[in-house]
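These protein sequence lines map, in sequence, to chains A and B.
If you use the numbering used here, the first sequence corresponds to residues 25 to 137, in order.
If you use the numbering used here, the second sequence corresponds to residues 729 to 844, in order.
The next block holds one structure in the form of structure tokens; read it before the comments.
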Amino acid sequence: EAQVTQNPRYLITVTGKKLTVTCSQNMNHEYMSWYRQDPGLGLRQIYYSMNVEVTDKGDVPEGYKVSRKEKRNFPLILESPSPNQTSLYFCASSSSGTTYEQYFGPGTRLTVT
Amino acid sequence: AQKITQTQPGMFVQEKEAVTLDCTYDTSDQSYGLFWYKQPSSGEMIFLIYQGSYDEQNATEGRYSLNFQKARKSANLVISASQLGDSAMYFCAMREPYNQGGKLIFGQGTELSVKP
């Protein structure tokens, strides 16, 4: 089954404790992206990657890191989480190009206390 | 820059009836794609349907169809024979040009409630 998987689905953590949210897709997509969704602010892109070893900042990259060492994986790293990073996070992937839909993972609900 | 506008914050529809969710967009690009996503209360983001700017026919996908009016820059989602499971948030979106990053630009969303 074609899918994007994310882990963990739910996470409660404390300020400053490094964490990684994993993302993997099995559709051989070149493009992968991270979004966060917050009430009243909608979905905002954090980082994206157009291929292996090619990553770039989205609209809200502060406090996050990413890497793309393999085509299928695109982990999101929070080196020192803060309460303002409490959010619903989505990983998405697609084929290259403007007219291709992005497929989303199931989301990760992160709470930072 | 691209912009998506959804002017209906919330809508109600009776089960088994059809409903139209409005979406207007703004772009200066000639080639673009429009997307609709569904987000149920469980939170996942589900792709529903896609319309390309050069597609001559309106897209359809099961009970979903897209009423695409290019001159009016509108891409309304029509859900036929509504079901209780259709109750969710619906987002219209388009992608930024790929050479500018390719992110999805979403509208504010419409919350659809299906009444039994």
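Heads up, the beta-carbon is just placed ideally off N, CA and C, and yes, glycines get one too.
As the structure is a prediction and not an experimental result, all values here were calculated from the model.
Does any residue of chain A have a CB that is nearer than 8 Å to the CB of residue i?
| i | result |
| --- | --- |
| Gly738(B) | no |
| Phe796(B) | no |
| Ser793(B) | no |
| Gly790(B) | no |
| Lys843(B) | no |
| Lys831(B) | yes |
Would you verify that the beta carbon of residue i is, or is not, closer than 8 Å to some beta carbon of chain B?
| i | result |
| --- | --- |
| Met122(A) | The identity of residue 122(A) in the sequence shown is Thr, whereas the question assumes Met. Yes, contact with chain B. |
| Phe98(A) | no |
| Gly131(A) | yes |
| Gln30(A) | no |
| Tyr113(A) | no |
| Gln139(A) | Shown here, chain A extends from 25 to 137; a query on residue 139(A) therefore has no answer. |
Could you tell me if residue i is buried or exposed, where buried requires 16 or more neighbouring beta carbons within 10 angstroms of its beta carbon?
| i | result |
| --- | --- |
| Val45(A) | buried |
| Gln49(A) | buried |
| Ile101(A) | exposed |
| Ser103(A) | According to the sequence displayed, residue 103(A) carries Glu and not Ser. Flag for Glu103(A) reads exposed. |
| Tyr127(A) | buried |
| Gln797(B) | exposed |
| Leu65(A) | exposed |
| Met822(B) | buried |
| Ala799(B) | exposed |
| Val38(A) | exposed |
| Met51(A) | exposed |
| Ile36(A) | exposed |
| Val78(A) | exposed |
| Thr132(A) | buried |
To the nearest whole angstrom, what separates the beta carbons of residue i and residue j, a pair I think is in contact under 8 Å?
| i | j | result |
| --- | --- | --- |
| Lys801(B) | Asp754(B) | 6 Å |
| Asn804(B) | Cys751(B) | 6 Å |
| Tyr88(A) | Ile70(A) | 5 Å |
| Gly829(B) | Tyr72(A) | 6 Å |
List, in chain order, every chain E residue whose beta-carbon is nearer than 9 Å to that of residue i.
| i | result |
| --- | --- |
| Gln836(B) | Of the protein chains in this structure, namely A and B, none is chain E. |
If contact means a Cβ-Cβ distance below 7 Å, which residues of the segment 766-782 of chain B contact chain A? Of all residues in the segment 766-782 of chain B, only Gly771, Glu772, Met773, Phe775, Tyr778, Gly780 come within less than 7 Å of chain A when Cβ atoms are compared, listed by chain position.
Given a limit of 9 Å on CB to CB distance, which residues of the segment 811-825 of chain B reach chain A? Result list: Phe819, Ala821, Met822, Arg823, Glu824, Pro825.
Curious, which full-length beta strand (DSSP E) runs of at least 3 residues does the segment 30-111 of chain A contain? Counting only runs of 3 or more, we get 34-37, 43-49, 55-62, 66-75, 78-81, 100-102.
Which parts of the segment 754-840 of chain B are runs of the alpha helix (DSSP H), unbroken and 4 residues or longer, counting only runs that do not cross its ends? The alpha helix (DSSP H) runs lying completely inside the segment 754-840 of chain B and spanning 4 residues or more number zero.
Counting only Cβ-Cβ distances shorter than 8 Å, please list the residues of the segment 62-88 of chain A near chain B, keeping chain order. So the list reads Gly66, Leu67, Gln69, Tyr72, Met74, Asp80, Gly82, Asp83, given in the order they occur along the chain.
Along the segment 730-761 of chain B, where does the CB come closer than 9 Å to a CB of chain A? Name the residues. Against chain A - using a Cβ distance shorter than 9 Å - the residues of the segment 730-761 of chain B are Asp757, Ser759, Tyr760, Gly761.
What are the residues in the segment 26-58 of chain A lying within 8 Å of chain B by C-beta distance? Interface annotation for the segment 26-58 of chain A against chain B: Tyr55, Ser57, criterion Cβ-Cβ distance under 8 Å.
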